[in-house]
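Enquirer: Once you've had a glance at the structure underneath, I'll fire off some questions.
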Amino acid sequence: MTRGTVYGGELATVAEPTSMLLPGHDVPLGRYTTVRRLLPQRTRRMVGAWCFVDQFGPEDVAGRPGMRVPPHPHMGLQTVTWLVDGEILHRDSLGSVQTILPGQVNLMTSGHGIAHSEESPPEHPPLMHGLQLWIALPDSARHCAPGFHHYPTVPVVEADGLKATVVAGSFLGVTSPVTVYTPLVGADIRITRSEGARLELEATFEYAALVLSGAATIDDTALEPGSLLYLPPGRTSLPVTGHPGTRLFLLGGEPFDEPLVMWWNFVGRSHEEIAEAREDWETGRRFGTVTGYPGDPLPAPAMPMVRLKARDRHGRTFPA
Ligand code: MN
């Protein structure tokens, strides 16, 4: 596939698509935790249908509360929880109560509306480290009934120089059982030899990589924990080097064409939809009740004074 880049109004063909290093920023989450937000960013809202990536930890939570995220609603998305270290207890308004450990996947499909909480159990391992990811649901799936599914294992595939756990979608011919609604991939990749590896990619997908532990060089760019390296479509392979044991997370998918309104914990298509979801949460409609969480639900923030606009994956607003 030939990619074009516009320079001064002229279309110039570039041989290799350019990558973009996007530093994350720290965001407080609840009272006790700070997370590193890697997506969305101002200039890069999405990677495929992935629309939100928080990395939490590695954090020493020995003798401390750890994660305390009170009940809050979601709409129009799926949440994927992936742990490197630690243990998190999920509760939701369907009555699910599920502990997740490293190597397992918690998938919550909000559809029209669900509420959940996440907490470190009273007795928890000393270290907490993982990713909280959101996948935007396409218009055809976003009004579906809410659901929650725990996957005790997901497939692992080995290739030259790497060992990958396929969290979602397909990678190296192996498909995760995690239900998704658009072509995408999420894979935890461990480098297994010092010469590194070459990742096989889909030319139609855009990708982003982050480092979970260690440090890697991806396509000549040094990448450390805390930043996201964005890679536009057009590649079929990607060279990765790093010390054996270095762990990356690779996100990818077909570029998501629907402009979205993302506000608080909601993904919608218009200001009105978001305002209605907020009102429903504040008045106890639609999202149900999470029982058992030791604390009050999160109140919604006030709506902004200006109308919310839909944005596409590049950050462009609709209507402009
Ligand atoms: Mn949530």
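First residue of the sequence shown? That's 48 in the working numbering, and the numbers climb one at a time after it.
Glycine residues also receive a C-beta, built at the ideal position from the N, C-alpha and C atoms.
1) Would you say the beta carbon of T80 comes nearer than 7 Å to a heavy atom of the ligand MN?
2) Do you know how far the Cα of G281 is from the Cα of L58?
3) Looking only at DSSP bridge pairs, what is I321 linked to?
4) In the DSSP assignment, find the beta strand (DSSP E) that holds T283 and state where it starts and stops.
5) Would R83 and L69 be called neighbours here (beta carbons separated by less than 8 Å)?
6) To test your reading of the DSSP string, which unbroken beta strand (DSSP E) runs of 3 or more residues are found completely within the stretch 141-225?
7) Quick one: residues in its chain with C-beta nearer than 6 Å to the C-beta of P351, no 5 flanking neighbours on either side, listed in chain order?
8) Considering only residues of the same chain and omitting the five flanking positions on each side of Y54, which have a CB-CB separation below 8 Å?
9) Tell me, to the nearest whole angstrom, how far the beta carbon of V127 is from that of L154; I am working on the premise that it is less than 8 Å.
10) So the beta strand (DSSP E) T336 belongs to, where does it begin and stop?
11) How is D343 classed by DSSP in three states: helix, strand or coil?
12) Based on DSSP bridge pairs, tell me the residues matched to F103.
13) Beta strand (DSSP E) containing F296: first to last residue?
14) A96 and F313: beta carbons closer than 8 Å?
15) Can you pull the DSSP bridge partners for G289?
16) Give the single residue among R111, H72, P118 whose Cα lies nearest to the Cα of V100.
17) Could you name the residues that DSSP lists as bridge partners for F365?
18) Within 10 angstroms of its Cβ, does A269 collect 16 or more other Cβ (buried), or is it exposed?
19) Compare the Cα-Cα distances from T293 to each of G243, G331, E253, D266 and report the closest residue.
20) What are the residues that DSSP puts in a beta bridge with M67?
21) Within 10 angstroms of its Cβ, does G142 collect 16 or more other Cβ (buried), or is it exposed?
22) Straight-line CA distance for V203 to L178?
23) Check whether the stretch 338-355 and the stretch 111-124 are in contact - that is, three or more C-beta pairs closer than 8 Å.
Expert: Well, looking at it:
1) The nearest non-hydrogen atom of the ligand MN is 7 Å or more from the C-beta of T80.
2) Residue confidence for L58 is low, a pLDDT of 47 falling below 50, so the modelled location carries little weight; the figure read from the coordinates is stated next. Roughly 17 Å between the two C-alpha positions.
3) DSSP lists no partner for I321.
4) Boundaries for T283: no beta strand (DSSP E) harbours it, and the DSSP string shows neither H nor E there.
5) No, they are not a contact pair.
6) Runs of the beta strand (DSSP E) inside the stretch 141-225: 144-147, 152-156, 161-166, 174-183, 194-198, 203-206, 209-218.
7) So the list is empty, once near-sequence residues are dropped.
8) In this prediction, Y54 has a pLDDT of 42, which is less than 50 and means its spatial position is unreliable; what the coordinates show is noted afterwards. Hits under 8 Å: none found.
9) Indeed, because the Cβ distance is near 6 Å, the residues count as touching under 8 Å.
10) Neither: T336 is in no beta strand (DSSP E) and is coded neither H nor E.
11) Three-state result, D343: coil.
12) Looking at the DSSP assignment, F103 forms a beta bridge with V82, G177.
13) Element bounds for F296: 294-300.
14) At least 8 Å separates the beta-carbon of A96 from that of F313.
15) DSSP output for G289 lists A263 as bridge partner(s).
16) Among R111, H72, P118, the Cα nearest to that of V100 belongs to H72.
17) A357, per the DSSP bridge assignment.
18) Residue environment: A269 is assigned as exposed (fewer than 16 neighbouring CB atoms within 10 Å of its CB, all protein chains considered).
19) Ranking G243, G331, E253, D266 by CA distance to the CA of T293 puts G243 first.
20) Bridge partners of M67: Y277.
21) By the neighbour-count criterion, in which 16 or more other beta carbons inside 10 Å mark a residue as buried, G142 falls on the exposed side.
22) For V203 and L178, the distance between alpha carbons rounds to 18 Å.
23) Cβ pair count under 8 Å is three or more, so yes.
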